[in-house]
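Inspection log for the structure reproduced underneath, given as structure tokens.
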Amino acid sequence: MTLDDILANLFPAGHDVAAGPDRLILGTGRRRNGGTVQVIGIADGEPLGIAGVLPLAERVLRVIAAGDGAPILVMVDTCGQRMARRDEMLGLNEYLAHLAKCLRLASWHGYPTVGLNYGKAAAGAFLATALATDILVALPGAEPAVMDLPSMARVTKLPEDTLRALSRTTPVFAPGLAAMAEVGAVAEVWDPRQPLDAQFEATLANVPGHDVRDALGAARGGRRLTADLVRRVAAQATGGAHVAAS
Amino acid sequence: MTGMMIRNEATVASASWFLASARERLTGILDPGSFVEFLPPSERVRSPHLAQFDLPAAFDDGMIVGRGRLDGRDVLVAAQEGQFMGGTFAEVSGGKLLGLIRAAIADPDLPRSILLLLDSGGVRLQEANAGELAVAEVMRAIVEARSAGVAVVALVGGRAGAFGGAGLTAATCSRIAISEQGRLGVTGPEVIETNQGVEEFDSQDKALVWSVTGGRSRRLIGGADAYAEDTMTGFRAAALALLDSPPPFDLLTLQAEQERLAERHALFGACESAVEMWGILGIADPEAVRDMDDAAFVAIAAGVKGMDHDAR
Chain A
1 MTLDDILANL
11 FPAGHDVAAG
21 PDRLILGTGR
31 RRNGGTVQVI
41 GIADGEPLGI
51 AGVLPLAERV
61 LRVIAAGDGA
71 PILVMVDTCG
81 QRMARRDEML
91 GLNEYLAHLA
101 KCLRLASWHG
111 YPTVGLNYGK
121 AAAGAFLATA
131 LATDILVALP
141 GAEPAVMDLP
151 SMARVTKLPE
161 DTLRALSRTT
171 PVFAPGLAAM
181 AEVGAVAEVW
191 DPRQPLDAQF
201 EATLANVPGH
211 DVRDALGAAR
221 GGRRLTADLV
231 RRVAAQATGG
241 AHVAAS
Chain B
1 MTGMMIRNEA
11 TVASASWFLA
21 SARERLTGIL
31 DPGSFVEFLP
41 PSERVRSPHL
51 AQFDLPAAFD
61 DGMIVGRGRL
71 DGRDVLVAAQ
81 EGQFMGGTFA
91 EVSGGKLLGL
101 IRAAIADPDL
111 PRSILLLLDS
121 GGVRLQEANA
131 GELAVAEVMR
141 AIVEARSAGV
151 AVVALVGGRA
161 GAFGGAGLTA
171 ATCSRIAISE
181 QGRLGVTGPE
191 VIETNQGVEE
201 FDSQDKALVW
211 SVTGGRSRRL
221 IGGADAYAED
231 TMTGFRAAAL
241 ALLDSPPPFD
251 LLTLQAEQER
261 LAERHALFGA
271 CESAVEMWGI
281 LGIADPEAVR
291 DMDDAAFVAI
301 AAGVKGMDHD
311 AR
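Chains A and B are the protein sequences, given in the same order.
Numbered according to full-length UniProt numbering, the first sequence spans residues 1 to 246.
Numbered according to full-length UniProt numbering, the second sequence spans residues 1 to 312.
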């Protein structure tokens, strides 16, 4: 589905959301109940650099300051953070973290945040946007990944075929939507044959009040250890030194 | 005997943070005998995923978490071992760190300070999805801890630096301390060179790499809040100075950060080099920043505006 198709389907009551020449998505959608949804995002696989972060974060801060409690939808199709010497020199890590913090602050102020991965999503740009929301959903065909297999083969110095074979048996590193859902990063995959507005409303009604991704990963079997490790560390921290975790 | 002990302690205190292991850093920064580890190596909590890549596992997975005292104050601590799998975020290492921060959120009787001794290239590719998600969970937990009144301080000065998810994690903390050798960023120079070409970033040019991601430049443009000498005492002093009065995590702080980052973009957006940025900051001889000693750097930095802020 194209961005325009998705938006028309999501907001049959109307919207003014569009991707600008910089491929940044900004706008407002109308819900059937008369309420609004603030939409930010990044389109067409564009990398997210410092120039892209500033308007997106500014919009989130304005929404919080306005105080109307409208949900925020973060639409993501990005190949990752911008890889440029200048962006690094100016402290891209601070810019990306700033956007993630703004989204977390919105949740803290009671604005439900929903991530929608409809294209690519990778690395630092993924952390700054979709992975900083309360709940992340995806459309079939989305390609979330930390790194593609050829690049991964280069960095790990393992043959690409070996990685491809391994990726069929373990979701822990395999690029793609199925693996990201199994580890608990993607909560739901929407059905494009059904109206998206109803699925968005259902997702909104299911926004968890705390981070459930470790529990989700354990339940789905793609990330079995995290939830248990969290519990064991907390037990030892709270119970003093070396209390056996039961 | 006594003289020898004093000499040993002095050696530890002046030992290089950059060259030390994660455990040596914890010993060097905390009050003697105060460190208690959670899920210590004796519990053999290791990655179940490395074997399929024919890689050895470690009984702490390169992440040490626990509590101790810093100049008498109770603190929670986490230290990454940069020499094991590049100090990377993975399922076990990430889960241990997440557990520590969530414990601080849930139990107000635990110390209200967390020190993160970062030394990490980012996400462990062999466990990429679990590692990426661990970073997202840790970032979320850090802001929730800050909202609950916990000061979270990142210390950056290890051989792996703080890149990728570790770079974002550092910038999510209340404060950051960095040394001259500390490097902080997102994409490492080698990866930029591989993807964009040597004309974009020559990763073999050490001076260039240092000027783009290194501790002095980060401190001068406000990307770090304290400059630490590359010793145990140096980082101990920096951590102590940063633990008091951390910026609150609220709308005013993030609005101020928005303004700070927008202003940096406006000021330096056209700069081709870090030396150009330092010149704009009013440093009379920016070329000299690289070769001066720590004391001279601190003296010069003291005159730079905008370096100290609560906008994080």
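Every residue, glycine too, gets a C-beta built ideally from N, C-alpha and C.
Of the residues that make up the segment 93 to 109 of chain B, which ones have a beta carbon closer than 9 angstroms to any beta carbon in chain A? 94, 95, 96, 97, 98, 99, 100, 102, 103, 104, 106, 107 and 109
Within the same chain, show all residues whose beta-carbon is closer than 8 angstroms to that of residue 260 (chain B), passing over the 5 residues directly before and after it, in chain order. 222, 306, 309 and 311
Chain B beta carbons: is any one of them nearer than 8 angstroms to that of residue 214 (chain A)? yes
Helix, strand or coil at residue 117 (chain A) [DSSP, three-state]: strand
Taking residue 137 (chain A) as the reference, give the member of A:50, A:188 and A:111 with the closest Cα. A:188
Please classify residue 34 (chain B): does DSSP put it in a helix, a strand, or coil? coil
Quick one: what's got a C-beta closer than 7 angstroms to residue 110 (chain B)'s C-beta in the same chain, skipping five residues either side? 76, 103 and 104
Run down chain A in chain order and give the residues with a C-beta less than 9 angstroms from the C-beta of residue 133 (chain B). 131, 180, 183, 184, 185, 213, 214, 217, 223 and 226
List the residues of chain A that residue 65 (chain B) touches, going by C-beta distances under 7 angstroms, in chain order. 233
Under 7 angstroms from the C-beta of residue 124 (chain A): neighbouring residues of chain D: Chain labels in this structure do not include chain D; the protein chains are A and B.
For residue 69 (chain A) and residue 34 (chain B), the rounded distance between their alpha carbons: 46 angstroms
Would you call the segment 186 to 194 of chain B and the segment 159 to 172 of chain B in contact, with 3 or more CB pairs under 8 angstroms? yes
Hey, is the segment 169 to 177 of chain B in contact with the segment 141 to 159 of chain B, meaning 3+ C-beta pairs nearer than 8 angstroms? yes
Comparing C-alpha positions only, which one of A:192, A:42, A:64 and A:134 sits nearest to residue 121 (chain A)? A:42
Taking residue 169 (chain A) as the reference, which of A:29, A:135, A:13 and A:182 has the closest Cα? A:182
Under 9 angstroms between beta-carbons, which chain B residues line up against residue 154 (chain A)? List them in chain order, please. 194
To the nearest angstrom, how far is it from the Cα of residue 201 (chain B) to the Cα of residue 210 (chain B)? 12 angstroms
Measure the alpha-carbon distance for residue 115 (chain A) versus residue 135 (chain A) and round it to whole angstroms. 6 angstroms
Let me see if you follow: with CB-CB separation under 8 angstroms, is residue 221 (chain B) close to chain A or not? yes
Cβ-Cβ distance between residue 149 (chain A) and residue 163 (chain A) below 8 angstroms: yes
Pull up the DSSP beta-bridge partners for residue 138 (chain B), would you. DSSP lists no partner for residue 138 (chain B).
Chain A contacts from the segment 239 to 263 of chain B (Cβ-Cβ distance under 8 angstroms): 249, 250, 251, 254, 255, 257, 258, 261 and 262
Mind listing which residues of the segment 93 to 116 of chain A have their C-beta closer than 7 angstroms to chain B's C-betas, in chain order? 93, 94, 95, 96, 97, 98, 100, 101, 102, 104, 105 and 108
Verify whether the separation of the beta carbon atoms of residue 100 (chain B) and residue 152 (chain B) is less than 8 angstroms. no
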